[in-house]
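Reviewing the structure listed below.
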Amino acid sequence: MLKVDIKPFEALSEEDKQQINSIVQWHTDRQIRDPDRPIFVEMSTVTEVGLVTVRSVACDDLLAQRVQAKIRAAALPGSNVDISNRLYIAKPKPDGNKVMSYFFCR
2 MLKVDIKPFE ALSEEDKQQI NSIVQWHTDR QIRDPDRPIF VEMSTVTEVG
52 LVTVRSVACD DLLAQRVQAK IRAAALPGSN VDISNRLYIA KPKPDGNKVM
102 SYFFCR
């Protein structure tokens, strides 16, 4: 059982709500992402309220972190970054006796 099952956020005093709001970032305020503040999602394992929201928020946040890491890695000029994960080698199908070479795409 989670703490929200014992006392939901709405039942907290205004002082407690303000204290929590000063520390966390609500999952609905995702347009202004602050990496220094944790994301707050209210959920209950007893009533299963918010479980899907928690999963989607976590997946979205993880995807955003991975995209940012790729963008940062691609933006480093002159660095010895392994680009093999961004290359695709096209192998043409054999066409009779023609010799076809490989084609590298970026």
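Per our numbering, the sequence shown starts with residue 2, numbered consecutively.
We treat Cβ as the ideally placed atom computed from N, Cα and C, and that holds for glycine.
Every value quoted in this text rests on a predicted model; they were computed, and no experiment measured them.
Measure how close the beta-carbons of phenylalanine 41 and valine 25 come, nearest whole angstrom, since I'm counting them as under 8 Å. Residue numbering aside, residue 41 sits at position 40 when the sequence shown is read from its first letter. Residue numbering aside, residue 25 sits at position 24 when the sequence shown is read from its first letter. Their Cβ separation, rounded to whole angstroms, is 4 Å, which keeps phenylalanine 41 and valine 25 in contact under 8 Å.
Burial state of valine 5, where buried means 16 or more other Cβ atoms lie within 10 Å: To locate residue 5, count along the sequence shown from 1; it is residue 4. The residue in question, valine 5, is buried, as its Cβ has 16 or more Cβ neighbours within 10 Å.
Does DSSP put aspartate 61 in a helix, a strand or coil? Here residue 61 is taken as the residue at index 60 of the sequence shown, counted from 1. Helix.
Bridge partners for lysine 99 per DSSP, in chain order? Here residue 99 is taken as the residue at index 98 of the sequence shown, counted from 1. Answer is Asp96, bridged to lysine 99.
Might you give, ordered along the chain, the residues of its own chain that have their beta carbon closer than 8 Å to the beta carbon of glutamate 16, omitting 5 neighbours on each side? As a position in the sequence shown, residue 16 is number 15, starting the count at 1. If we look at glutamate 16 and ignore the five residues flanking it on each side, it has no Cβ neighbours.
For methionine 2, which three-state DSSP category applies? Residue mapping note: residue 2 aligns to position 1 of the sequence shown, counting from 1. Note that methionine 2 scores 49 on pLDDT, short of 50, meaning its location in the model is unreliable; the coordinates nonetheless yield the value given after this. Of the three classes helix, strand and coil, the one that applies to methionine 2 here is coil, per DSSP.
Whole-angstrom distance between leucine 13 and valine 50, CA atom to CA atom: Along the sequence shown, read from residue 1 onward, the residue named residue 50 stands at position 49. Along the sequence shown, read from residue 1 onward, the residue named residue 13 stands at position 12. In a straight line, the C-alpha of valine 50 is about 18 Å away from that of leucine 13.
Per DSSP, glutamine 26 is paired with what? On the sequence shown, position 25 is the one that residue 26 refers to. Answer is Ile40, bridged to glutamine 26.
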